[in-house]
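Undergrad: So that you can map any letter, position 44 of the sequence shown is 45 in this note's numbering, and since no number is skipped, the others follow by simple counting. Think of the CB as a built atom: it goes at the ideal place given N, C-alpha and C, for glycine as much as any other residue. No experiment lies behind these values; they were computed from the predicted model shown. Structure below; questions to follow.
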Amino acid sequence: MAKNIIPNANYFLVGLVIGSVVGILFAPKSGQETREYIAKKTKDANEYTRQKAREVRDRAEDAIGRGKETIAHAVRISSGGPPIFLIAEEETFTFAQSAAV
């Protein structure tokens with residue numbers, strides 16, 4: 002079933018692009034206005050993409066940081082560090098303090 006959906010989605014996207022290009026080319030605007038419109042939309046899309054990429058990078062860095070902390074806790078536990086319930090209590094307290102701010 003999923004194999005049938007992907008080709009249909011591709012056909013839809015190709016049709017969407019072709020329809021958009023034809024619509025822009027036959028729009029009742031002058032060539033200069035159309036070029037300015039396309040340039041503006043391209044610039045807007047570029048800025049939006051860069052912003053989303055920064056957000057994804059920031060979230061990934063946060064996830065990596067949390068992962069490193071988790072690994073450090075696991076190493077501490079496995080090497081005779083404090084019992085797990087003490088670490089959980091400490092993390093819960095830290096989280097509660099950060100949520101209260």
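1) Three-state secondary structure (DSSP) at Ala75?
2) Taking only three categories from DSSP, how would you classify Ser31?
3) For Ile25 and Ile39, which I take to be in contact (beta-carbon distance under 8 Å), what is that distance rounded to the nearest angstrom?
4) With a threshold of 7 Å on Cβ separation, who are the neighbours of Phe13 within its own chain once the five nearest residues in sequence on each side are excluded?
5) Can you name, in chain order, every residue of its own chain whose Cβ lies under 7 Å from the Cβ of Thr35, other than the five neighbours on each side?
TA: Let's see:
1) In the sequence shown, the residue the question calls residue 75 occupies position 74. Note: Ala75 maps to helix in three-state DSSP.
2) Within the sequence shown, numbered from 1, the residue matching residue 31 stands at position 30. Secondary structure at Ser31: coil, using DSSP grouped into helix, strand and coil.
3) Against the sequence shown, residue 25 aligns to sequence position 24. Against the sequence shown, residue 39 aligns to sequence position 38. Going by Cβ atoms, the distance from Ile25 to Ile39 rounds to 7 Å, so yes, they are a contact pair.
4) Stepping through the sequence shown from its first residue, residue 13 is reached at position 12. No residues qualify anywhere along the chain.
5) One-based indexing of the sequence shown puts residue 35 at position 34. Closer than 7 Å at Cβ, skipping near neighbours: Ile25, Ala28.
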